[in-house]
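Q: Here it is, the structure in full.
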Amino acid sequence: MLKRTLLGMSVVALLGLSVLSGCGDKKDTSAQSQEKILRVGTNPTFAPFEFQGKDSELTGFDMDLIRAIGKQMGYKVELHNLAFDGLIPAISTGNIDMAIAGITINDDRKKQVNFSNPYYTSGLIILVGPENNDIKSLKDLEGKKIGVQIGTTGAFKAEKVPGAKVVTFNNSDEQFLELSNKGVDACINDHPVVAYYLVQGGKGKMVGNVMEEESYGIAMKKGNEELTKKVNDALAELKKNGEFDKIQKKWFGA
Ligand code: GLN
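With this note's numbering, the residue at position 62 of the sequence shown is 73, and numbering never jumps.
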């Protein structure tokens, strides 16, 4: 135990920052003046949750939320731009402390990571080109070419459509671009992201209903209950003090 503590302290000294509960050591007596850093992974191609704004700074609902959570916890947030399907592996290896990227909480992912309490309710929708009048539902996608983003719930949904050819893209931007180039017949993606794309002038239209409800959560290392609790406490406080509502209004209106 003593050895572990000493080791933990020397790592902290080496890095010049204090590490969040990685070694389960609660007696962190390192200089409080030193900035505590939270390494947060995201994939900024998912407007309005995370995307690159002017000067390529990372912006969006999730970005405001995680900065507010970090502040509430007393940590500076350091954002890491990763592929969406690389986020959970990066948490597992300890390269990042957590990930926020409109990540849907599901059973498969729950086996690999801890999730915070849900912070946003979403669902999938189909996007087709402006001139497409024959695709109106998931059933109509049978045998069609469907664009999806790798490792997402939209991709898992498309893979279940009989006879469909699923074309996988690294991010949502590429997926939408391919639809406008008519390289795919339709896309499946999260409703708020597709709606935002259209509002921003993207070409196409949404068809059918929003599919079953999905909830977004912040992913953290499996079994790190201490960090999970801190994040949940911060989230609850932001909901209580009105900060969460402010962020919600900023990105989604009233
Ligand atoms: N909510 C979807 C998922 O978790 C898509 C997330 C994303 O593309 N950033 O799979």
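Ideal Cβ placement from N, Cα and C applies to all residues, glycine included.
Model, not experiment: these values are computed from the prediction.
Helix, strand or coil, according to DSSP, for Glu248 in the structure here?
A: Stepping through the sequence shown from its first residue, residue 248 is reached at position 237. If DSSP states are grouped into helix, strand and coil, Glu248 belongs with the helices.
Q: If you draw a straight line from the alpha carbon of Asp151 to that of Ala206, how long is it in whole angstroms?
A: As a first step, residue 151 must be located in the sequence shown, where it is residue number 140. As a first step, residue 206 must be located in the sequence shown, where it is residue number 195. Approximately 21 Å between the Cα atoms of the pair.
Q: From Lys240 to Glu142, what distance separates their C-alpha atoms?
A: Numbered from 1 along the sequence shown, position 229 holds the residue referred to as residue 240. Numbered from 1 along the sequence shown, position 131 holds the residue referred to as residue 142. One C-alpha to the other measures close to 49 Å.
Q: Is Lys168 buried or exposed, if buried means 16 or more other CB atoms sit within 10 Å of its CB?
A: The residue labelled residue 168 in the question sits at position 157 within the sequence shown. Flag for Lys168 reads buried.
Q: For Val172 and Ile157, which I take to be in contact (beta-carbon distance under 8 Å), what is that distance rounded to the nearest angstrom?
A: Your numbering for residue 172 matches position 161 in the sequence shown. Your numbering for residue 157 matches position 146 in the sequence shown. Yes, they are in contact, since the Cβ atoms of Val172 and Ile157 sit about 7 Å apart, within 8 Å.
Q: What span of residues does the alpha helix (DSSP H) with Val210 cover, start to end?
A: Counting from one through the sequence shown, the residue named residue 210 turns up at place 199. Val210 -> alpha helix (DSSP H) spans His202 to Val210.
Q: Between which two residues does the alpha helix (DSSP H) carrying Ile99 extend?
A: Position 88 of the sequence shown, counted from the start, is the residue given in the question as residue 99. Where Ile99 is concerned, the enclosing alpha helix (DSSP H) stretches over Leu98 to Thr104.
Q: Taking only the alpha-carbon atoms, compute the straight-line gap between Thr115 and Gln83 and give it to the nearest angstrom.
A: Reading the sequence shown from its first residue, position 104 is the one you call residue 115. Reading the sequence shown from its first residue, position 72 is the one you call residue 83. Cα-Cα distance, rounded: 23 Å.
Q: Taking a contact to mean a Cβ-Cβ separation below 8 Å, would you say Met231 touches Asp108 in this structure?
A: Against the sequence shown, residue 231 aligns to sequence position 220. Against the sequence shown, residue 108 aligns to sequence position 97. The answer is yes: Cβ separation under 8 Å.
Q: To the nearest angstrom, report how far apart Gly113 and Asn106 are at their CA atoms.
A: In the sequence shown, the residue the question calls residue 113 occupies position 102. In the sequence shown, the residue the question calls residue 106 occupies position 95. Distance between the alpha carbons of Gly113 and Asn106 is about 19 Å.
Q: Helix, strand or coil for Ser67 per DSSP?
A: Stepping through the sequence shown from its first residue, residue 67 is reached at position 56. Here Ser67 sits in helix by DSSP.
Q: What does the alpha-carbon distance come out to for the pair Glu248 and Asn128?
A: The count along the sequence shown starts at 1 and reaches residue 248 at position 237. The count along the sequence shown starts at 1 and reaches residue 128 at position 117. The alpha-carbon atoms of Glu248 and Asn128 are separated by roughly 13 Å.
Q: Do the region 84 to 103 and the region 42 to 60 make contact, defined as three or more Cβ pairs closer than 8 Å?
A: The answer is yes - the region 42 to 60 touches the region 84 to 103, with three or more Cβ pairs under 8 Å.
Q: Which word fits Ser271, buried or exposed, when buried means at least 16 other C-beta atoms lie within 10 angstroms of its C-beta?
A: Since the first residue of the chain shown is 12 and the last is 265, residue 271 is not available in this structure.
Q: Please report the straight-line C-alpha distance between Lys260 and Ala110, rounded to a whole angstrom.
A: On the sequence shown, position 249 is the one that residue 260 refers to. On the sequence shown, position 99 is the one that residue 110 refers to. Between Lys260 and Ala110, the C-alpha separation is close to 23 Å.
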